[in-house]
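Using my numbering, the first residue of the sequence shown is number 589, and each one after it goes up by one.
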Amino acid sequence: YNPYNKTTNTYQNRLGWPVSTPTNPRTSHVSEPALRRFHRVQRNLQGTTNAKIHTYCEIAEQAGKSKRTKSPSRKMPTFLLTGDIGGTNSRMGLYTVEDRMPLVVKYYRNAEFLKKKEDGIFEKHIIAPFLQQCWEERANILPAISSVEIIACLAVAGPVRNNMASLSNLHGIDIDGNAIARQLHCPNEPYLSSIKICTIINDFVAQGYGCLTLKPNEVLELMPGSHGIVDPGGPKVCVGAGTGLGECYLTPNPPADGTGGNDGYSCYPSEGGHVEYAPRNDLEVKLWKYLKQKFESLSRISVERVVSGRGLANCYEFLAKEFSTKVDKKVHQEFLEAEDMQGRTVAVNAKPGTLCHQAMEIMMGAYG
589 YNPYNKTTNT YQNRLGWPVS TPTNPRTSHV SEPALRRFHR VQRNLQGTTN
639 AKIHTYCEIA EQAGKSKRTK SPSRKMPTFL LTGDIGGTNS RMGLYTVEDR
689 MPLVVKYYRN AEFLKKKEDG IFEKHIIAPF LQQCWEERAN ILPAISSVEI
739 IACLAVAGPV RNNMASLSNL HGIDIDGNAI ARQLHCPNEP YLSSIKICTI
789 INDFVAQGYG CLTLKPNEVL ELMPGSHGIV DPGGPKVCVG AGTGLGECYL
839 TPNPPADGTG GNDGYSCYPS EGGHVEYAPR NDLEVKLWKY LKQKFESLSR
889 ISVERVVSGR GLANCYEFLA KEFSTKVDKK VHQEFLEAED MQGRTVAVNA
939 KPGTLCHQAM EIMMGAYG
């Protein structure tokens with residue numbers, strides 16, 4: 589194998605990436621070729637409909653600002669590690685900076701891998717095993733793990749501060765980007781040693797930026813004709829029910845030259861899923877009282893207690909107690925055994941005339 593490319597007059601690794609440019613002394617955290625590749629990826633990703641890929645924009649920005657946490661590297665191919673970490677599942681992906689399609693994607697059930705709050709539990713039980721699987725499955729195209737640099741961006745369902753997030757709906761587990769990059773909790777794990785930067789963002793920041801890529805034929809109007817009267821450059825809101833209720837909002841950036849229009853958007857996370865649940869009829873008032881008793885709340889109930897996967901389970905559980913004669917014993921037993929997937933059990937059994945269907949109507953009515 590001859591790494592010299594006569595056409596481009598550069599040295600390249602086996603994946604075709606240039607490796608001869610020295611480290612940039614001003615940033616001194618990632619090689620200059622890597623930064624150029626990040627900026628190229630950021631440009632190329634404009635228009636993609638994959639919401640999670642837009643976390644790469646955050647990675648590129650972080651790569652231009654952060655201080656390297658490990659020694660500078662030269663002649664290293666760069667890979668992107670992404671994570672979509674919710675209350676129920678964690679979806680991990682490994683990408684090259686040249687391709688929108690992942691090399692490997694794997695889902696992890698958090699209840700199986702993140703059973704308690706413990707320092708470094710996420711990198712120990714999910715990141716390291718995932719990277720090991722990547723290098724085992726794609727050994728034919730991936731160089732040795734010790735010869736690469738990995739830039740990670742993890743979108744986490746929880747508030748983010750100082751590059752660390754706490755999983756609100758999972759034991760309060762902390763995911764610390766700086767600790768991951770420095771291997772503070774797993775110093776002897778070889779598959780973590782190649783992670784040079786790890787940026788933590790809120791999961792709905794990732795979703796919000798992803799929404800900007802949607803095309804008209806990918807959007808369903810709730811109110812017919814609304815697409816034609818909405819200001820395309822106005823503020824935007826993104827709301828999504830999962831294990832909890834995620835919300836974010838986007839505001840237009842003023843143009844740098846002071847002219848009309850806007851210069852893209854900035855997305856801001858929120859904990860709007862914890863606003864007050866507002867019952868609208870007598871049955872929902874009973875549901876509100878039931879939830880206050882269940883969660884031992886003296887004064888209020890968050891809307892995500894109703895509008896979420898767990899909220900759907902709460903609605904069904906209330907209805908099963910309120911209308912015990914209508915309970916389908918087979919479905920109810922399946923519900924009791926479903927653990928953290930109770931909401932899914934209700935959804936797949938939501939046939940007209942059933943308690944599951946009624947629970948779905950209550951949740952969707954509050955959803956709006």
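Where is the CB? At the ideal position from N, CA and C, for every residue including glycine.
Is it right to say D819 is buried, meaning 16 or more other beta carbons lie within 10 angstroms of its own, or is it exposed? Taking the first residue of the sequence shown as 1, we reach residue 819 at position 231. Exposed is the call here.
I need the boundaries of the beta strand (DSSP E) containing M752, first residue and last residue. Walking along the sequence shown from the start, residue 752 turns up at place 164. That run of the beta strand (DSSP E) goes 752-754.
Measure the C-alpha to C-alpha separation of H617 and E925 and round it to an integer number of angstroms. On the sequence shown, position 29 is the one that residue 617 refers to. On the sequence shown, position 337 is the one that residue 925 refers to. With a pLDDT of 43 at H617, under the threshold of 50, the modelled position of that residue is not reliable, and the figure given next carries that caveat. Taking the straight line from one Cα to the other gives about 49 Å.
Look at the alpha carbon of S734 and the alpha carbon of G671, and state the distance between them as a whole number of angstroms. For the purposes of this step, residue 734 is taken as the residue at position 146 of the sequence shown. For the purposes of this step, residue 671 is taken as the residue at position 83 of the sequence shown. Cα-Cα distance, rounded: 21 Å.
Specify whether the segment 941-952 and the segment 910-922 touch according to this definition: at least 3 beta carbon pairs, one from each stretch, less than 8 Å apart. The segment 941-952 is in contact with the segment 910-922.
Looking only at its chain, what residues have a beta carbon closer than 7 Å to the beta carbon of Q720, apart from the 5 residues adjacent to it on each side? Numbered from its first residue, the sequence shown carries residue 720 at position 132. Leaving aside the five residues that flank Q720 on each side, the residues in its chain whose CB is nearer than 7 Å to its CB run, in chain order, Y779.
Under a Cβ-count criterion, where at least 16 other Cβ atoms within 10 Å of its own Cβ denotes burial, should Q881 be classed as buried or exposed? For this step, residue 881 is matched to residue 293 along the sequence shown. In this structure Q881 is exposed. Its beta-carbon is surrounded by fewer than 16 other beta-carbon atoms within 10 angstroms.
Short check: CB of I957 to CB of A753, under 8 Å? In this structure the chain extends from 589 to 956, so residue 957 is not present and cannot be described.
Within the continuous alpha helix (DSSP H) that includes G899, where are the two ends? For the purposes of this step, residue 899 is taken as the residue at position 311 of the sequence shown. Element bounds for G899: 897-910.
DSSP three-state label for L879, please. For the purposes of this step, residue 879 is taken as residue 291 along the sequence shown, with counting starting at 1. L879 falls in the helix class under three-state DSSP.
Kindly indicate which residue of Q930, L802, P842 has the alpha-carbon position closest to the one of S854. On the sequence shown, residue 854 is found 266 positions in, with the first residue counted as 1. The residue with the shortest Cα to Cα distance from S854 is P842.
Short Cβ contact (8 Å threshold) for G861 with V825: For this step, residue 861 is matched to residue 273 along the sequence shown. For this step, residue 825 is matched to residue 237 along the sequence shown. Not a contact, by the Cβ cut-off of 8 Å.
Are there 16 or more other CB atoms within 10 angstroms of the CB of L810, so buried, or fewer, so exposed? Position 222 of the sequence shown holds residue 810. Flag for L810 reads exposed.
So which of A954, G674, L668, I788 has the shortest CA-CA distance to L875? Mapped onto the sequence shown, residue 875 falls at position 287. Here the closest residue by C-alpha is A954.
Check for me: the alpha helix (DSSP H) holding E949 runs from which residue to which? Counting from 1 along the sequence shown, the entry for residue 949 is found at position 361. Taken as a continuous stretch (DSSP letters only), the alpha helix (DSSP H) holding E949 covers 943-955.
On the premise that L886 lies in contact with G931, defined as a C-beta separation below 8 Å, what is that separation, rounded to the nearest angstrom? As a working note, residue 931 is residue 343 in the sequence shown. As a working note, residue 886 is residue 298 in the sequence shown. Not quite, the Cβ-Cβ distance comes to about 26 Å (not below 8 Å), so this is no contact.
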